[in-house]
Amino acid sequence: MSKKWTPKELLLDLVSVQSDTYTTLEIDMAKHILEVIKGQDYWEENSAYCGLYDGNDRMGRLIPWALRKGTSNRCLVLSGHFDCVEIDCYGTLKEFALTPDTLKEKMKTMEWSDPDVEKDLNSEDWLFGRGTADMKGGTAVMLCQLFEVAANHINPELNLLYVGIHDEETAAEGIFQSVALFTELKDKYDFDYKLLVNGEPTSKDSPDKYTYYDGSIGKGLPFIVIKSKLVHVGNLMQGLNGSLIAANIVRRIELNTDLCSEDYGQKCVPPTVLYMKDNKKYYNVSVPLYTNLYLNTLFTNSNNAIKILDSIDHICQESAAEAVETYNKAYAFMEPNHPNPNHNVRVMSLADLQAHNGESVENYQEKKDAFVKEQIEIVNRGDSLTQLATGFDIVEWEIEQSNITDPMIVYGLMAPYVPAVNNHAFQDFDREGTINIVRDELKKYGITVEVVPYFMGLSDNSYISCVDPTEDLEALKSMVTPQEVYHIPLREAEYIALPSIICGPWGKDYHTITERVYLPDLEIHTPAVMRRLIESF
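Per this note's numbering, the very first residue in the sequence shown carries number 243; after that it's consecutive.
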């Protein structure tokens, strides 16, 4: 006989299985989820309707899935990730990070500067622990709903599909691989995918509110590589330090609201520089040859990564000109009677640099393929980050091959890349009707609904709800990261593109020692909303 889980019981069970992102622990989590599913009578009797999908993951990670087969071709999808960030941040409490009840008691004995944490520790409404909010809470609710629908023959015409996703917290390889599973099931059962409900946690500022996310924000990770005019500091005025250009670029980009976009009344967060470093491996008295940076840029559907790269080109031109002017003033002071080098700084997109090399470098493609293959092997062995070995190292190689002796700035994109999506793009989707379903259900509990056009936390919905990837595919032509390392199946996903919303319990402080989930949402409100959606499609 099937075990009847409550969302909290199942959450505690799921949290107890460590599933650090981008590790083989995710394999254990996938297998555990499938075992929980197989413990239900429906899948004991219908074993063909569940499994572990093998998407040829480089680490052997798998995708657990389960289907409650309906009599029609209508299909509603429940999906979300089961990987979590690491638990090292728990420090001396690390051994309790996966046992929420014990963790909470231990945390109560400590002093916390945040009064909100103190308040929630002394409330029965909050459960602390890694993954409680992000996002095993949502997974527990989805699985409980799936089990109840299967056991009680609820809305028997509807196909209800659960798909668990690995690697959401790192490179989104799980959702990329799931596209083939969605396609396979669509073709096999002639599914008409109606809606994907993602159990990601939601944010709000009070218990009597609920945030309905109608889309998911886009993200590009532009890189900029600055090559100096290399010189010993004793002859400083004959060279050009790329770090000065980099500093000028950072000043122009950091929190630059001109690079922000607005859509349906929502503004995205301004850009910020995530990485800035020269490539020196040891001390010497030369200026650094290369200074590298990448930056976080978010965008709505009213903007795109191509426009952002155009703006970056302009910023690089301005920053280079300012650096040369600074050098000229210093040179005039130091060497008033000698000719000024008046450096020419070349600004090129990665695509333009590659085109130059293709025309001027003998056996360019053969050399490039061999070098990139070596870099891919470095990443696959875990010896370097994707953004380094298959990012900056490749750009620096391209610059060296070019034999361009001038100082240079090269820009483009590196992994990851996230499309911006919003349900307004689905002409046949009843947006307002779906919003009203959620609003009417939560009204019973005295909860008001705020509709937010874009989820700012980034989600896998971006890859499953991209109706027209034309602009995104054009932007990806500027991507340095090889497809062998990072391939987004946007054209393939277009075939199964479906509307998506985020419907998870309220959570706080994701990825930190004080991560927690709101139990009334976990046990009452979120299940009620999911059930109402299931009954309505």
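Using N, Cα and C, we set each Cβ at its ideal position, and we do this for glycine too.
All of these numbers come straight from a predicted model, not from anything done at the bench.
Point to revise | Cβ contact (3+ pairs, closer than 8 Å) linking the stretch 615–635 and the stretch 587–600 | key: no
Check your understanding: Start and end of the alpha helix (DSSP H) containing K246?
Key -> Where K246 is concerned, there is no enclosing alpha helix (DSSP H), given that its DSSP letter is neither H nor E.
Point to revise | C-beta atoms of D702 and H323 nearer than 8 Å | key: yes
Check your understanding: So, are the CB atoms of K346 and L363 less than 8 Å apart?
Key -> yes
Point to revise | Nearest to S314 (by Cα), restricted to the options P695, A562, F433 | key: F433
Review point. With a Cβ-Cβ cutoff of 8 Å, do A308 and C331 count as a contact?
Key: no
Review point. Do R372 and L402 have their C-beta atoms closer together than 8 Å?
Key: no
Review point. For I329, which of helix, strand or coil comes out of DSSP?
Key: coil
Point to revise | Close Cβ partners of T351 (< 8 Å) along its chain, the five nearest in sequence each way excluded | key: none
**Study point:** In chain order, each beta strand (DSSP E) run of at least 3 residues that lies wholly inside the stretch 312–371
**Key:** 316–323, 368–370
Check your understanding: Straight-line CA distance for N483 to E567?
Key -> Distance from the CA of N483 to the CA of E567, rounded to the nearest whole angstrom, comes to 13 Å.
Review point. Is the beta carbon of P853 sitting closer than 8 Å to the one on P747?
Key: The structure shown does not extend to residue 853, since the chain is modelled only from 243 through 779, so no value can be given for it.
Point to revise | Alpha-carbon to alpha-carbon, S544 and K509 | key: 10 Å
Practice item. Using the Cα positions of M479 and Y569, report the straight-line distance between them to the nearest angstrom. Key: Per the coordinates, the alpha-carbon of M479 lies some 7 Å from the alpha-carbon of Y569.
Check your understanding: Is DSSP giving L761 helix, strand or coil here?
Key -> helix
Check your understanding: According to the neighbour-count rule (16 or more other Cβ atoms, all chains shown, within 10 Å of its Cβ), is M576 buried or exposed?
Key -> Its Cβ having fewer than 16 others within 10 Å, M576 is exposed.
**Study point:** Which listed residue (L423, F338, E287, K280) has its alpha carbon closest to that of P731
**Key:** Here the closest residue by C-alpha is L423.
Check your understanding: So does A612 have its beta carbon nearer than 7 Å to some heavy atom of the ligand NAP?
Key -> The ligand NAP is not among the ligands present in this structure, which contains no ligands whatsoever.
Point to revise | 7 Å CB neighbourhood of L254 in its chain, flanking five on each side removed | key: Its chain contains P342 as the residues whose beta carbon lies nearer than 7 Å to that of L254, once the 5 sequence neighbours on both sides are disregarded; these appear in chain order.
**Study point:** Test item: CB-CB of S485 and P649 under 8 Å
**Key:** no
Check your understanding: Per DSSP, which one or two residues make a beta bridge with Y452?
Key -> V691
Review point. Of the residues A392, Y752, S445, I459, which one's Cα is nearest the Cα of T542?
Key: I459
**Study point:** Limits of the beta strand (DSSP E) - the one that Y291 falls within
**Key:** Premise fails: Y291 is in no beta strand (DSSP E) and is neither H nor E.
Review point. Is Y687 closer than 8 Å to H767 when the C-beta atoms are compared?
Key: yes
**Study point:** Terminal residues of the beta strand (DSSP E) in which T533 lies
**Key:** The continuous beta strand (DSSP E) containing T533 extends over residues 532–541.
Check your understanding: Expressed to the nearest angstrom, what Euclidean distance is found between the alpha-carbon atoms of Q607 and L472?
Key -> Using only the alpha carbons, I get a separation of about 28 Å.
**Study point:** Residue burial classification, N534 (beta-carbon count within 10 angstroms, cutoff 16)
**Key:** The residue in question, N534, is buried, as its Cβ has 16 or more Cβ neighbours within 10 Å.
Check your understanding: From E560 to T712, what distance separates their C-alpha atoms?
Key -> 30 Å
Exercise for review: Using three-state DSSP, classify E577 as helix, strand or coil.
Suggested key: coil
Check your understanding: Start and end of the alpha helix (DSSP H) containing P769?
Key -> 768–778
Review point. Comparing alpha-carbon positions, which option in H729, E726, A717 lies nearest K461?
Key: A717
Check your understanding: Does the stretch 438–452 come close enough to the stretch 514–528 that 3 or more CB-CB pairs lie under 8 Å?
Key -> no
Check your understanding: Contact between the stretch 273–282 and the stretch 410–426: three or more CB pairs below 8 Å?
Key -> no
Point to revise | For Y264 and D296, the rounded distance between their alpha carbons | key: 16 Å
Practice item. Please report how far the alpha carbon of N312 lies from the alpha carbon of D505, in whole angstroms. Key: According to the sequence shown, residue 312 is Gly rather than Asn. So the two alpha carbons sit approximately 37 Å from each other.
Practice item. Report the residue from I466, Y573, K571, I618 whose alpha carbon sits nearest the alpha carbon of S553. Key: For the residues I466, Y573, K571, I618, the minimum Cα distance to S553 belongs to I466.
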